[in-house]
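Report on the following structure.
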Amino acid sequence: MKIANLLPLAFAAAACSTAHPTRPTTAPGVTTRSAPPANARETQFVDSLLSVMTLEEKIGQLTMSPAEGLQTGPQRPAGSTAQVRAGLVGSIIGVWGADRTHALQKLVVEESPHRIPLLFSLDVLHGYRTVFPVPLAEAASFDPSLAQSDARIAAIEATANGIVWTFAPMVDIARDPRWGRIVEGAGEEPYLGSVMAAARVRGFQGTRLDDPASMLATAKHYAGYGASEGGRDYATAELSERTFWSTYLPPFRAAISAGVGSIMPAFSAVNGSPPHASAWMLRDVLRNRLGFGGLVVSDWTAVMELVKHGVAATSGEAGQLAMRAGVDVDMSDGVYADSLPARARTNQQLRSDIDESARRVLRAKWELGLFSDPYHGASEEKAARVTRSSANIEAARTAARESIVLLKNDRATLPLSRDIKSLAVIGALAADAKSAMGSWTIVGQANEAVSVLDGLRHVNPAMRIRYAAGASPEGADTTGIPEAEALARDADAIVLVLGEDADRTGEAESRAFLELPLGQLQLAQRVSRAARGKPVVVVLMNGRPLAIPWIADSMPAIVESWYLGSEHGNAVADVLFGAYSPSGKLPVTFPRATGQVPLYLAHTNSGRPPNPSDKYTTGYNDLSSTQLFPFGFGLSYSAFRYGDVRLSRDNIRAGDSLGVIVTVSNVGARDADEVVQLYLRDDVASVARPLKQLVRFRRVHIRAGASETVTFSLGAEDLSFYDLQMRRVVEPGGFTLFAGTSSVDTKEAHFVVAGDTLVLEPATPRMQ
Ligand code: NOJ
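Residue numbers (this note's numbering): 72 to 839.
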């Protein structure tokens with residue numbers, strides 16, 4: 072049933088679909104994007120609707136109820152149909168499936184006073200039922216087109232099943248792998264994070280939100296969450312303004328430029344101020360400086376948690392504070408619904424804040440086309456057709472292959488021959504299809520995912536494959552090691568799967584130790600001895616960099632497989648047996664020991680850079696200050712040679728663009744992909760600049776014996792930074808560019824920016 076048929080005439084005339092808001096420009100300037108201009112019909116429709124809504128109904132639009140069974144504490148279950156029918160719920164989290172969402176939507180559009188459709192929301196992070204690699208893994212592909220098409224497939228499946236709003240992409244920069252949520256983002260570098268953020272937004276949202284295959288995306292968690300102290304989830308973050316603007320904000324900026332429809336503030340306090348209560352963050356920066364015009368949705372119970380943060384005495388105060396700060400939608404705790412009506416009756420400012428937020432929710436519903444089709448095209452028939460289609464599963468396998476990083480391959484241990492007679496597969500994670508899917512797979516089914524063991528079984532039916540768990544990923548139980556040793560002694564080759572259970576990554580899964588638990592280390596050491604020189608390939612399954620110095624030194628081959636989703640095992644088998652040449656690169660630095668973190672590429676030099684022969688330099692007295700595996704690192708079965716870095720000019724004025732040309736030759740024996748990386752250093756500036764930061768990259772396919780020439784163009788934004796007055800500027804002086812196959816294996820070129828300092832943005836609004 073079309074809701075327009077049910078609306079009062081004045082509304083019905085205006086209730087039709089609209090184009091997705093005009094894409095913002097990415098031109099340098101104060102405002103990245105202004106709020107998308109509402110068209111006249113939309114404005115008229117929303118205004119007339121608002122004019123007949125009661126205060127409670129408006130607050131209802133700002134209330135997101137959890138599905139029954141999800142709620143904890145004094146929240147509002149979606150099962151409370153009385154509230155839904157009364158129009159006192161605007162959105163629902165955690166109900167999916169076309170029939171289930173239809174039933175609730177029907178209730179609203181047929182029985183509630185204004186027939187305003189609900190928004191059904193869910194965390195669709197890396198796939199819906201077809202599960203793609205976890206975002207950190209997919210970042211290792213350095214392939215934004217892949218990220219975009221995977222997000223598109225997730226949106227196609229999710230929307231067919233009734234979901235119109237996802238809480239993704241997570242765009243937090245993470246430089247501390249103790250923080251479990253590092254798995255949800257694109258790693259440590261702002262440029263990679265920005266490119267991936269924009270790609271995922273485009274994938275989820277498509278070109279028009281009212282396309283039934285499009286869903287509203289959410290860039291989260293705004294901002295600085297990844298800097299939580301000690302890597303402890305939810306802990307406070309102490310950040311300099313410069314770091315906030317130059318490291319943590321860029322992916323949000325990129326998501327906004329890509330037209331992201333919603334933003335979720337972070338749980339943690341940043342410099343003492345929880346973002347859910349920060350008008351500086353949500354209004355001064357997000358709306359006024361970054362030009363965001365969409366919805367701000369709270370994190371789960373985060374409004375109520377302002378009391379525990381100690382910035383509100385009661386949940387009522389918390390609700391008022393969050394509303395004043397600019398949180399439009401209250402997820403799951405019911406604080407707005409419980410406390411705002413009474414407060415707003417005597418507070419004109421609060422009433423106008425509520426109007427503003429309700430308007431944004433109604434606009435989002437309009438832009439999704441829900442006033443024309445409240446079901447957004449979802450149906451059980453369509454869901455059955457598009458969910459886990461063979462094309463989607465093939466796409467998951469492609470994504471999984473591209474996300475694998477080959478960390479070590481001594482004496483060409485890999486690829487293994489398909490003709491080996493017997494293979495020992497050791498390690499409990501090898502048989503763990505649930506872990507293969509990774510964290511945040513709400514709808515994905517473990518029995519539909521391919522474990523490493525199952526993937527290897529498909530390689531050659533004549534190959535004898537024997538499996539032993541050996542030791543569990545987390546436990547200290549080593550009683551299974553003798554069986555694993557026996558298998559290793561008998562086999563022609565050994566695949567040893569090590570790492571962490573996927574449940575030990577993600578939200579609330581911080582770790583104090585990045586080292587392998589003793590049980591797994593002992594397993595590795597004893598299997599290595601039992602193998603007596605036969606090939607041992609370590610396959611890592613993990614959602615964060617691990618500190619594995621013994622493995623890195625002693626094992627001949629190491630494959631980083633992260634959690635690759637539905638097709639994990641098939642993709643690993645493709646790489647181990649040479650059907651695919653690995654091409655992924657690390658989106659994060661791997662430390663030698665937990666004590667080194669945070670350890671990341673884009674650090675500054677210090678006045679006393681590390682020098683092992685000089686005690687009075689930065690570093691440790693008990694460990695090298697270098698990383699185990701650097702950012703951007705990843706080997707191939709082929710080999711690439713980089714030519715000199717050529718520049719269009721070696722002297723430019725600030726604001727000019729610069730062409731950078733790199734020729735890469737595939738000098739190995741097989742066709743393969745390479746990720747060409749470009750890094751920048753501002754040699755001398757008014758503030759200390761990173762020794763190297765990623766500014767461009769391109770994945771290219773190069774046939775054996777052939778060469779590819781890659782051209783990059785850099786502009787003022789790439790050379791800019793926040794100066795002492797917190798203006799975004801390009802200063803004159805010398806710059807160095809580094810092009811190569813990783814951040815440490817590069818060729819250099821130099822250029823000079825002449826003339827005066829160029830100011831791209833005035834000073835940032837002072838942090839509060
Ligand atoms: C809490 C998480 O921080 C957030 O990322 C997620 O979207 C919400 N829960 C909803 O599940």
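Built from N, CA and C at the ideal position, the CB exists for glycine as well.
Own chain partners of residue i with C-beta closer than 8 Å, once the 5 adjacent residues on each side are dropped
i: Arg414; result: Gly387, Gly390, Gln391 and Leu421
i: Glu300; result: Ala306, Thr307, Ala308 and Glu309
Buried versus exposed call for residue i [16 or more other C-beta atoms within 10 Å across all chains shown]
i: Ile234; result: buried
i: Thr689; result: exposed
i: Glu255; result: buried
i: Phe275; result: buried
i: Ile425; result: buried
i: Ala229; result: buried
i: Val755; result: exposed
i: Thr550; result: exposed
i: Thr417; result: exposed
i: Asn676; result: exposed
i: Val242; result: buried
i: Thr96; result: No answer about Thr96 holds up, because its pLDDT of 32 lies below 50 and its placement is not dependable.
i: Asp827; result: exposed
Contact under 8 Å by Cβ, residue i with residue j
i: Ile163; j: Phe191; result: yes
i: Arg760; j: Arg752; result: yes
i: Ala211; j: Ser474; result: yes
i: Leu585; j: Pro248; result: yes
i: Thr134; j: Asp401; result: yes
i: Gln132; j: Leu433; result: yes
i: Ile36; j: Lys505; result: Nothing in the structure corresponds to residue 36, since the chain is present only between 72 and 839.
i: Thr817; j: Thr780; result: no
i: Thr458; j: Arg200; result: yes
i: Phe783; j: Leu762; result: no
i: Ala495; j: Ala540; result: no
i: Leu635; j: Ala743; result: no
i: Ser695; j: Arg663; result: yes
i: Glu638; j: Val771; result: no
i: Ala384; j: His347; result: no
i: Ala595; j: Leu617; result: no
i: Ser684; j: Glu745; result: no
Closer than 8 Å to chain D by CB, residue i
i: Arg360; result: Chain labels in this structure do not include chain D; a single protein chain is all it has.
Span separating the alpha-carbon of residue i from that of residue j
i: Leu524; j: Ala642; result: 12 Å
i: Pro669; j: Ile253; result: 12 Å
i: Ala449; j: Asp194; result: 18 Å
i: Leu287; j: Gly405; result: 22 Å
i: Arg156; j: Trp351; result: 37 Å
i: Ala810; j: Ala174; result: 56 Å
i: Val101; j: Arg575; result: Per-residue confidence for Val101 stands at a pLDDT of 32, beneath the threshold of 50, marking its modelled position as unreliable; the derived number appears in the next sentence. In a straight line, the C-alpha of Val101 is about 41 Å away from that of Arg575.
i: Ala294; j: Ala337; result: 6 Å
i: Lys73; j: Ser317; result: The pLDDT assigned to Lys73 is 34, lower than 50, so where the model puts this residue is not dependable, and the model offers no usable value.
i: Ala501; j: Gly730; result: 46 Å
i: Leu320; j: Leu485; result: 40 Å
i: Thr812; j: Phe363; result: 36 Å
i: Val815; j: Gly614; result: 23 Å
i: Val514; j: Gly158; result: 28 Å
i: Gly264; j: Val123; result: 43 Å
i: Val800; j: Glu312; result: 15 Å
i: Glu127; j: Tyr671; result: 49 Å
i: Gln591; j: Ala533; result: 30 Å
i: Ala775; j: Arg741; result: 5 Å
i: Arg246; j: Pro184; result: 49 Å
i: Glu802; j: Ser757; result: 8 Å
i: Ser428; j: Asp693; result: 55 Å
Contacting residues, own chain, Cβ-Cβ under 6 Å from residue i (five flanking each side not counted)
i: Val823; result: Asn722 and Gly805
i: Ala218; result: Glu209, Met267, Ala270 and Arg271
i: Ile629; result: Leu478, Lys479 and Val609
i: Leu441; result: Pro188
i: Val738; result: Ala710 and Arg712
i: Arg303; result: Ser581
i: Gln839; result: Trp351
i: Phe648; result: Pro486, Leu487, Arg489 and Val530
Residues near residue i by beta carbon distance below 7 Å, same chain, minus five either side
i: Arg798; result: Val830, Glu832, Pro833 and Ala834
i: Glu545; result: Asp572, Arg575 and Pro588
- With distances taken from each beta carbon to the nearest heavy atom of the ligand NOJ, which residues come in below 5 Å, in chain order? Asp194, Phe238, Asp370 and Trp371
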